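Numbering (this note's numbering), first residue to last: 44 to 599.
Please read the structure below before turning to the comments.
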């Protein structure tokens, strides 16, 4: 299976129009969408004898809901349609549900909302088909009032992001399963912005391709699990879309084969330049990330005083001790690393190195940066008149954490990066790399756009970390990772990620593919840790041992 394309609302309209002109009518697409919604509900819990409430709006989204109502009734569901606003005349889908005996209640006949509150309170499933992806914000006051009534019916029993429904045979009443048709009502499907009245879904069934706003915060917090339903639009119509969402199937196709006749050299060698006296764990976590995604050999290049502590947590690695000043790598390490780096297939530079001047000088000299540092808007300060001498290119390079912070001190730093470099910034590091007064909130406000633009400008693969991590390539491609897990919001998880990416790179994957595969495996390992431990109290050390489990799940 290929990655899933991610589109804008305008592109969605364009695709539907092109499909209609090609012979797939709008009516047929609506039939497919409603049937797909019903099937998605059926896969989550059998509709037979379940109370299902369909919230019906005025446009195509409401039509999709009416089609879903028809099929859910055929599946044995006890369906009721609650219509907010819709023309009754010449609506074949409304006529069909009424002819099939499905009760229809009109909002105008439920002035105080008591009927709606009662329906939702007794429901097993609530289907939100009020407004589709083309709706604009803010919501009308009467629609907000309707959604308030729905929330009263839900009665606060559904926790954020939880899959909630009646448990068969348990005798217990829990909150209904809320299913959004294409997008939750109150969410902007382009920007991810939400109206205060937005209705949180457990599942969003989106059609043809997910819309960008479903994968952008704050909206991404309201969509629940995303189900992408095929409604018949030919795939070739979206061939020009370059933003995609990663899937296990597409990542499985990137992973290297593991022949029984292999040896440790078969799966690549990684040199990890990391760690300092105050950041011992970063080095160990990065090395563990590289090992646990299958790299054949990992060598830790680090200051001698921390070697014993790292080795206690990473027995499988070999070690290259670097010159240091009181436990932080200094510029004297440059020839030591250069002498050995030719033995390796990939190199990770940065986790836990520190931002001490001696270490920054090491990074600058190693990469061949002139020692001409940024000084905000006042210009630059020259520390040396001479340019750094010519130097051999490192192996496939991944730069993380303090490696990025050292780069950010120099103007035009990207000009010295070797081809195929991977950068792994979090939003704060991304802002520093960009300079010019850019802040982390600025980055967060346009994660996808900034990642793609900077990848092209810098000529490097950019992995913008965070919920729904984005991997962007210089050629304009972008891959959104489908993981948003607060358990990963803890120190050290980024070190594991950088190590995993370097480990993939060492096994022969191209830069973009290595970043996608490493990020996906890391995100899935986080999901497995959350399933085992819960989100609160997860630590970075919970991830490395789950990387092989994640990779096994990806392959199956």
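Glycine included, C-beta positions come from ideal geometry on N, C-alpha and C.
These numbers were taken from a predicted model, which means no experiment stands behind them.
Comparing alpha-carbon positions, the option among 312, 381 and 326 lying closest to residue 356 turns out to be 326. In the DSSP assignment, residue 462 is bridged to no other residue.
In this structure, DSSP gives residue 349 a helical state, which the three-state scheme calls helix. Within the same chain, Cβ atoms closer than 7 Å to the Cβ of residue 158 are found at 148, the five residues on either side in sequence being excluded. Taking the Cα positions, residue 89 is about 30 Å away from residue 48.
In the DSSP assignment, residue 171 falls within the unbroken beta strand (DSSP E) covering 168-172.
DSSP places residue 269 inside the beta strand (DSSP E), whose first and last residues are 268-272.
For residue 81, same chain residues with a beta-carbon under 7 Å away, outside a window of 5 residues either side, are 111, 114, 115 and 118 in chain order. Taking the Cβ atoms as the reference, residue 242 lies roughly 14 Å from residue 261, outside the contact range of under 8 Å. Within the DSSP bridge table, the entry for residue 522 names 287 and 514 as partners. Taking 8 Å as the cut-off, the Cβ atoms of residue 590 and residue 335 count as close. The DSSP-derived three-state label of residue 564 is helix. Rounded to whole angstroms, the gap between the alpha carbons of residue 283 and residue 463 is 24 Å. Setting aside the 5 residues that flank it on each side, residue 449 is surrounded in the same chain by 403 and 406, each with a C-beta closer than 6 Å to its C-beta; the list follows chain order. Residue 443 holds the alpha-carbon nearest to the alpha-carbon of residue 393 among 137, 299 and 443. Straight-line spacing of the CA atoms in residue 456 and residue 504 works out to 15 Å.
Bridge partners of residue 457 according to DSSP: none are assigned. The beta carbon of residue 568 lies closer than 6 Å to those of 586, 589, 590 and 593 in the same chain, with the five residues before and after it left out. Between residue 95 and the set 124, 104, 105 and 79, the nearest pair of CA atoms involves 124. Bounds of the beta strand (DSSP E) holding residue 390 are 389-392.
In the three-state DSSP reduction, residue 226 falls in the coil class, being neither helix nor strand.
Apart from the 5 residues on each side of it in sequence, residue 165 sits with its Cβ closer than 6 Å to the Cβ of 94 in its chain, given in chain order.
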